[in-house]
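Engineer:
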Amino acid sequence: VIAGKARRLQLKTVKGMDTRPTTDRIKETLFNIINDLMYDAVFLDLFSGSGAIAIEALSRGAKKAYLVENNREACNCIKENLKFTHLEDGAQLMQMSCNEALARLNGSEIFDVVFMDPPYNKEYEKDVLIFLGKSDLINKSSRIIVEASLDTDFSYAFSRYRYDLRRRIRIWDYERKEV
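In structure tokens:
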């Protein structure tokens, strides 16, 4: 965790290749951009993996975070990380698909920030953005952040669902591999 109440605590990650953890460099850049939105925010983290993004949001002052993940091992990792950081009171873990979670949540909360990091090039983000565009889960001041491959086409979201593109950033984050 980079900042806030749980600063400097090292989170566990999910073993194997089923999840793709967001690196600290990308997480720091992301939260530098959205930090002003965190105080008392209601945060939705879709495709949560280890829960690191929602935990960072809670650590920085979000009042509530919903973590949606359907992988059982990842959910166990999230539970351990929430307990370790003492942030479990502000968190709601939903072990189910994003579509199922969005349908259950619709009408119950308005999210200040929605973050999603779906598997690349499978168009899961498209289903979520279409659902959100028709739902009561967001309003004009809500921010939606999608971590996606550079090839991802979002043109449908701007034309049909009237999303505004506030900022599109490319963060190059390479790890040096030993040869």
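In the numbering used here, the protein residues as written are 813 to 991.
For glycine and all other residues, C-beta sits at the position ideal for the given N, C-alpha and C.
Predicted model only: the values in this text are computed from it and were never measured.
To which residues of the same chain is E892 closer than 8 Å at the C-beta, ignoring the five residues directly before and after it?
Structural biologist: K824
Engineer: Can you tell me whether R820 is buried or exposed, with buried defined as 16 or more other CB within 10 angstroms of its CB?
Structural biologist: exposed
Engineer: Quick one: grab the DSSP three-state call for V940.
Structural biologist: helix
Engineer: Nearest by alpha-carbon distance to D857: which of M850, S871, K946, A877 is it?
Structural biologist: A877
Engineer: Using the three-state DSSP reduction, which class does E881 fall into: helix, strand or coil?
Structural biologist: strand
Engineer: Among the residues of its own chain, which have a CB less than 6 Å from the CB of C889, if the five just before and after it don't count?
Structural biologist: K824, V826, S862
Engineer: In whole angstroms, what separates the C-alpha of F966 from that of F943?
Structural biologist: Note on geometry: alpha-carbon atoms of F966 and F943 lie some 14 Å from one another.
Engineer: Could you round the C-beta distance between F859 and D929 to whole angstroms and report it? I think they count as a contact, below 8 Å.
Structural biologist: 5 Å
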